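Visitor: The numbering of the sequence shown is this note's numbering, which starts it at 10 and goes up by one.
This structure is in structure tokens; I'll ask about it shortly.
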Amino acid sequence: GRVRCQEANHHREVQQLEAELQAAKSQLQRLQEEQEERIGSLRELYQQKLSEGLEAVDAEAVRMRCRPEMEQLKRLCEKGLAALEASHGRLVAQLQERHQAEIDRLRAERDRALAEETKATLAALNAMQRAHQEELHREISNFKEDYAQQMRHGLDTECLRREHQEEREHIKQEILSLSEKYSLKCLEKASLEERLQRAGQQLQEANYQVLDLLARNKQLASHLGMQILQREQAVLTDSSPEALEKLLQLRESQLVQQREENAQVLHSLQLAKTKINQLNSQCQQLSNSLRAERTMHQAESQHLQARLEGWLLLPMKE
Numbered sequence: 010g011r012v013r014c015q016e017a018n019h020h021r022e023v024q025q026l027e028a029e030l031q032a033a034k035s036q037l038q039r040l041q042e043e044q045e046e047r048i049g050s051l052r053e054l055y056q057q058k059l060s061e062g063l064e065a066v067d068a069e070a071v072r073m074r075c076r077p078e079m080e081q082l083k084r085l086c087e088k089g090l091a092a093l094e095a096s097h098g099r100l101v102a103q104l105q106e107r108h109q110a111e112i113d114r115l116r117a118e119r120d121r122a123l124a125e126e127t128k129a130t131l132a133a134l135n136a137m138q139r140a141h142q143e144e145l146h147r148e149i150s151n152f153k154e155d156y157a158q159q160m161r162h163g164l165d166t167e168c169l170r171r172e173h174q175e176e177r178e179h180i181k182q183e184i185l186s187l188s189e190k191y192s193l194k195c196l197e198k199a200s201l202e203e204r205l206q207r208a209g210q211q212l213q214e215a216n217y218q219v220l221d222l223l224a225r226n227k228q229l230a231s232h233l234g235m236q237i238l239q240r241e242q243a244v245l246t247d248s249s250p251e252a253l254e255k256l257l258q259l260r261e262s263q264l265v266q267q268r269e270e271n272a273q274v275l276h277s278l279q280l281a282k283t284k285i286n287q288l289n290s291q292c293q294q295l296s297n298s299l300r301a302e303r304t305m306h307q308a309e310s311q312h313l314q315a316r317l318e319g320w321l322l323l324p325m326k327e
């Protein structure tokens, strides 16, 4: 029941992350639409300036008349770029925090489950060993009593010796079988712990890869924004039609690069999510395997205990 509850909580958290990613996509789409509208405004302004140039208007007068519009356009561009960078930074920070919290929670659950399974397995093995020793001592004590009673009744010594030898060999074989099974269970437990450790290391490596990708994307976005801002400032100092055309091309290039970076970030996050789901599935399978092994081991221990009790009852019936 607790495992199902944890799986349900994890599923709800994954759905919440998907909803937040969808909201981030919508926000990015809205910013892209605003960017396209600004590019359209620049294109119209560029066409207007070209038509005014065809009418042989003085360049200085055009520059003075367009300066307020250029300043307003510059402020709008800077404001849009700052909003885009702030939104992107918040999205990346939120995704990093949630991803790290999910990794820490999964690692804590894995360690707790492993510790519980290990403790339960060791307790079962110790209990089985103590029960076996008690049964062995009881069997030896009963055998001594039966032997003394049979000697008092004048039974044949050789027959008693053979029976004693057979029973002792039988008990010895059972002890060896139990020891061998105990060793095999210890080896299987060590193998499962090693597999869980490897799965944890893979989960940690996937976390580091996602964090590295997010950091690199953030650094590239910041560097690209600075370069674009410097180019815009250089271009906006000149309000000629050629400068406006360069600014239009720069905006279009910025939009294309931003789309590619957004697609790359979403793809990387999707890959990381798939990797985390795979590792969670592996951890769950290993936990189920440990639980099944412990159940089977307890059943075998009870079966052997019943057989020993049956052997103890045989001399009493005879």
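For every residue, glycine included, the Cβ atom is placed at its ideal position computed from N, Cα and C.
Just so it is clear, the structure is predicted and the values come from calculations on it, not from any experiment.
Candidates I112, H141, A28, E45: which alpha carbon is nearest Q258's?
Guide: Per the Cα distances, E45.
Visitor: Does the distance from the CB of Q105 to the CB of L223 come in under 7 angstroms?
Guide: Result yes, Cβ atoms of Q105 and L223 sit closer than 7 angstroms.
Visitor: Can you tell which of Q36, S35, E42, S186 has its C-alpha closest to the C-alpha of V265?
Guide: When each option's Cα is compared against that of V265, the closest is E42.
Visitor: Should R303 and T130 be called a contact, given that it needs their Cβ atoms to be closer than 7 angstroms?
Guide: Yes, they are a contact pair.
Visitor: Please check the pair E309 and K190, which I expect to be a contact at CB under 8 angstroms, by giving their CB distance rounded to whole angstroms.
Guide: Rounded, the Cβ-Cβ distance is 7 angstroms, consistent with contact.
Visitor: Check each candidate in A140, A110, K227 and name the one with the smallest Cα separation from E94.
Guide: Among A140, A110, K227, the Cα nearest to that of E94 is on K227.
Visitor: Report the option in S50, L51, L134, L220 whose CA atom is closest to the CA atom of I112.
Guide: Comparing Cα positions, the closest option is L220.
Visitor: Decide if R119 is buried, meaning its Cβ has at least 16 other Cβ atoms within 10 Å, or exposed.
Guide: With 16 or more Cβ atoms within 10 Å of its Cβ, R119 is classed as buried.
Visitor: Taking Q307 and A133 to be in contact with their CB atoms under 8 angstroms, please state how far apart those CB atoms are, rounded to whole angstroms.
Guide: The Cβ separation is near 6 angstroms, so the contact holds.
Visitor: What separation, rounded to the nearest whole angstrom, lies between the Cα atoms of E80 and S50?
Guide: Answer to the nearest angstrom: the Cα atoms are 14 angstroms apart.
Visitor: If E78 and L54 are in contact, beta carbons under 8 angstroms, what's the gap, nearest whole angstrom?
Guide: Sure, about 7 angstroms apart at Cβ, within 8 angstroms.
Visitor: Tell me whether the beta-carbon of Q36 lies closer than 7 angstroms to the beta-carbon of S96.
Guide: Yes, these two residues count as a Cβ contact at 7 angstroms.
Visitor: What is the rounded straight-line gap between the Cα of I149 and the Cα of Q138?
Guide: For I149 and Q138, the distance between alpha carbons rounds to 16 angstroms.
Visitor: Looking only at C-alpha atoms, which of R116, Q182, R121 sits nearest to L145?
Guide: Of R116, Q182, R121, the residue nearest in Cα terms is Q182.
Visitor: Rounded to a whole number of angstroms, what is the C-alpha to C-alpha distance between L100 and L85?
Guide: If I take the Cα positions, the gap works out to 22 angstroms.
Visitor: Residues in its own chain within less than 6 angstroms of E29 by CB, not counting five upstream and five downstream?
Guide: Nothing listed; no residue qualifies.
Visitor: Which residue's Cα is closest to the Cα of L123: H232, A199, R225, Q38?
Guide: Comparing Cα-Cα distances from L123 to each of H232, A199, R225, Q38, the minimum goes to A199.
Visitor: In terms of alpha-carbon separation, which member of K282, E254, R147, L40 lies closest to Q218?
Guide: Looking at the Cα atoms, K282 is the closest of the given residues.
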